[in-house]
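The letter at position 73 of the sequence shown is residue 223 when you use our numbering, and the numbering goes up by one with no holes.
C-beta: ideal position from N, C-alpha, C; glycine also.
Notes for the one structure printed next.
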Amino acid sequence: MKESFIDGFKRRVSENGPKRWLRFGLVSLVFFGWVAWLGNWWVAPWWLLLFDIYITGYIPFTWWKQSKSAAIRSVMSWVDAIVYAVVLVYFVFAFIGQNYKIPSSSLEKTLLTGDYLWVNKTAYGPRVPITPIHFPLVQNTLPIFNTKSYIENPQWPYHRLQGTDTMALGDIVVFNFPAGDTIALKEQNPDIYSLSRMIGEQIFAHQAPQRTWDNLIERDAAARAAGMEYIRSNPDIFGEVIWRPVDRRENYVKRAVGLPGQLFEIREGNIYNNGKMMEMPEEAQFVYDVRFKNPANGDKILEDLGVSKADRMTEPGMRHTTPPLTAAMADKLRKNPEVIEVRRRTFSAGENLLFPLPTAFADGWTLDDYGPIRIPERGMTILLNDSTWAQYGHTIAHYENPTAVWRDGQAYIDGKPASDYTFRMDYYFMMGDNRHKSLDSRFWGFVPEDHIVGRPVRVLISFDQDKPFPFNIRWNRILKSAKN
151 MKESFIDGFK RRVSENGPKR WLRFGLVSLV FFGWVAWLGN WWVAPWWLLL FDIYITGYIP
211 FTWWKQSKSA AIRSVMSWVD AIVYAVVLVY FVFAFIGQNY KIPSSSLEKT LLTGDYLWVN
271 KTAYGPRVPI TPIHFPLVQN TLPIFNTKSY IENPQWPYHR LQGTDTMALG DIVVFNFPAG
331 DTIALKEQNP DIYSLSRMIG EQIFAHQAPQ RTWDNLIERD AAARAAGMEY IRSNPDIFGE
391 VIWRPVDRRE NYVKRAVGLP GQLFEIREGN IYNNGKMMEM PEEAQFVYDV RFKNPANGDK
451 ILEDLGVSKA DRMTEPGMRH TTPPLTAAMA DKLRKNPEVI EVRRRTFSAG ENLLFPLPTA
511 FADGWTLDDY GPIRIPERGM TILLNDSTWA QYGHTIAHYE NPTAVWRDGQ AYIDGKPASD
571 YTFRMDYYFM MGDNRHKSLD SRFWGFVPED HIVGRPVRVL ISFDQDKPFP FNIRWNRILK
631 SAKN
């Protein structure tokens, strides 16, 4: 007699012992706790899959255990273990934390190039994956195969879970590079917008820029468009131009020096928020002009001081060099009898293409004298005129409403004239501690909240790129706190 579904269900349920039910109960508690944290109860029906895996076994996930072939059982046991490990890593990396490598010197000497960090995603609340179908061990490209490590569809809307803390001024933060949505594959620096603007400025170099807001806004837009067209037209130089979702953009690490709603300003290298000067990090660096009596000794003096090879003089016989130094390093150099001069470098207006370009150009901003500019926050409303569009137009159009444009002296949103705009997200101003050698918010603008990844908590291991293995291991940095 054929067993009915009900009878079969009862039999399968009754065949499980207390230990199996205990394991299922613990897994169910973790699952529903995660669903509650996620705030999306549409995910709850997936519990039925767990019920089948642990209790009823209708889906034959473990069919290979009954195979007569020892080879199949052996191979599939490894496949089974790997699948479980990948799923576990996926959830840990997505909702708990992940490792991250410091690729550049922008935060030296606080964090060093070659540091591998553990980043806590629960600090500010883990971001629900925007591209949920992805390989968890890489950011955007599978090694060897050199293909995307994610599938672009489906894409979930931005949503952040409850965190254990809120971002504070001075926090070191890992985030997805805000200018990294569109990249040229042959360019190591993914900021194609700054690259296109530089190319466009060269194209328009023969045109004398006018100082009215409309002309500055139009000049900036035209330069970006001309530069981007040049990049797309020369794939042999720049490579294929592709687009990446928010959570698949490169990871950057900087210090949060400006929070949502604050009036941000830099005066003579010091940062001010709402008129209050921020304490300078002890390890902050600036570029100095250094002259030596004997050029042959300069490289060794800087090496002993802790200046990396990339930041030291590269040509023999050079009497003058421009290394980044902390205040303590600069004072030590001044006391060296082999040193003639140690002078912090100053910058002139227009020497760097700063964000937002029309405002920075009109007001003469530099790396050390920047702003003031109000950092957008959720719910903040601004009037849309020529000067505010020059400051916030890129942010609005790039991160919140792609229909926003400035045309003939008027802002248009969704094809209609707009006199004001209310921001939907919080934004942050990020800078490196290597103040004169850091590509940061002074160049590519505010960091939106949906780009925030987490807070580094500890250096897992660190490698000195100037030394061979195993002498390149920085033993004194292993498990060192990254919260400085």
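_Secondary structure of residue 265, DSSP reduced to three states_ = Note: residue 265 maps to strand in three-state DSSP.
*Based on the DSSP secondary-structure assignment, which residues constitute the bridge partners of residue 598?*
577
*Does the beta-carbon of residue 407 have 16 or more other beta-carbons within 10 angstroms, so that it is buried, or is it exposed?*
Counting Cβ neighbours within 10 Å, residue 407 comes out buried, since at least 16 surround it.
_At the level of alpha carbons, what is the spacing between residue 464 and residue 446?_
The pLDDT assigned to residue 464 is 49, lower than 50, so where the model puts this residue is not dependable; a value taken from the coordinates is nonetheless given after this. Residue 464 and residue 446: Cα-Cα distance of roughly 12 Å.
_Alpha carbon of residue 598 to alpha carbon of residue 218, nearest angstrom_ = 56 Å
*Near residue 627, what residues of its chain come up, given a Cβ to Cβ distance below 8 Å and the 5 sequence neighbours on each side ignored?*
262, 265, 609, 611, 612
*Thinking residue 641 and residue 301 are a contact (beta carbons under 8 Å), I'd like their distance in whole angstroms, please.*
Here the chain covers residues 151 to 634 and nothing more, so residue 641 does not appear.
*Within the same chain, show all residues whose beta-carbon is closer than 6 Å to that of residue 533, passing over the 5 residues directly before and after it, in chain order.*
570
*Reference residue 544, options 448, 474, 223, 506, closest by Cα*: 506
*Check whether the Cβ atoms of residue 333 and residue 392 sit closer than 9 Å, and answer yes or no.*
yes
_Which runs of the beta strand (DSSP E) at least 3 residues long sit entirely within the segment 394 to 441? Give them in chain order._
401 to 408, 413 to 417, 420 to 423
_Three-state secondary structure (DSSP) of residue 284_ = Strand at residue 284.
*asked:* Please return the same chain residues whose Cβ sits closer than 6 Å to the Cβ of residue 269, not counting the five positions on each side in sequence.
replied: Closer than 6 Å at the Cβ level, and outside the excluded window around residue 269, lie 247, 248, 250, 324, 604, 606.
_Contacting residues, own chain, Cβ-Cβ under 7 Å from residue 586 (five flanking each side not counted)_ = 436, 437, 474, 495, 517
*asked:* Please list the terminal residues of the continuous beta strand (DSSP E) segment that includes residue 489.
replied: 489 to 494
*asked:* For residue 202, which residues in the same chain have their Cβ closer than 6 Å to its Cβ, ignoring the five residues on either side in sequence?
replied: The residues are 208, 209.
*Give the single residue among 171, 185, 188, 490 whose Cα lies nearest to the Cα of residue 204.*
171
_Let's see if you can read the secondary structure: which residues bound the beta strand (DSSP E) around residue 125?_
Nothing in the structure corresponds to residue 125, since the chain is present only between 151 and 634.
_Looking only at its chain, what residues have a beta carbon closer than 8 Å to the beta carbon of residue 163, apart from the 5 residues adjacent to it on each side?_
205, 206
*asked:* Quick check on this structure: which residue in 592, 582, 594, 363 has the alpha carbon closest to the alpha carbon of residue 252?
replied: Just measuring C-alpha positions, the residue of 592, 582, 594, 363 sitting nearest residue 252 is 582.
*Cβ separation of residue 441 and residue 326, assumed to be a contact under 8 Å, to the nearest whole Å*: Rounded, the Cβ-Cβ distance is 41 Å, inconsistent with contact.
*Sufficient close CB pairs (3 or more, under 8 Å) joining the segment 235 to 246 to the segment 283 to 290*: yes
_If I measure Cβ to Cβ from residue 519 and keep anything under 7 Å in the same chain, skipping five residues before and after, which residues do I get?_
416, 417, 418.
*Which of helix, strand or coil does DSSP assign to residue 464?*
Because residue 464 carries a pLDDT of 49, less than 50, the predicted location of this residue cannot be relied on, and the following value inherits that uncertainty. In the structure shown, residue 464 falls within a coil segment according to DSSP collapsed to helix, strand and coil.
*Count the other CB atoms, across all protein chains shown, that sit within 10 Å of the CB of residue 160; report buried if there are 16 or more and exposed otherwise.*
Residue 160 is exposed by the Cβ-count criterion.
*Nearest-angstrom Cα distance between residue 497 and residue 374?*
For residue 497 and residue 374, the distance between alpha carbons rounds to 24 Å.
_Relative to the C-alpha of residue 549, which candidate in 595, 152, 296, 499 has its C-alpha closest?_
595
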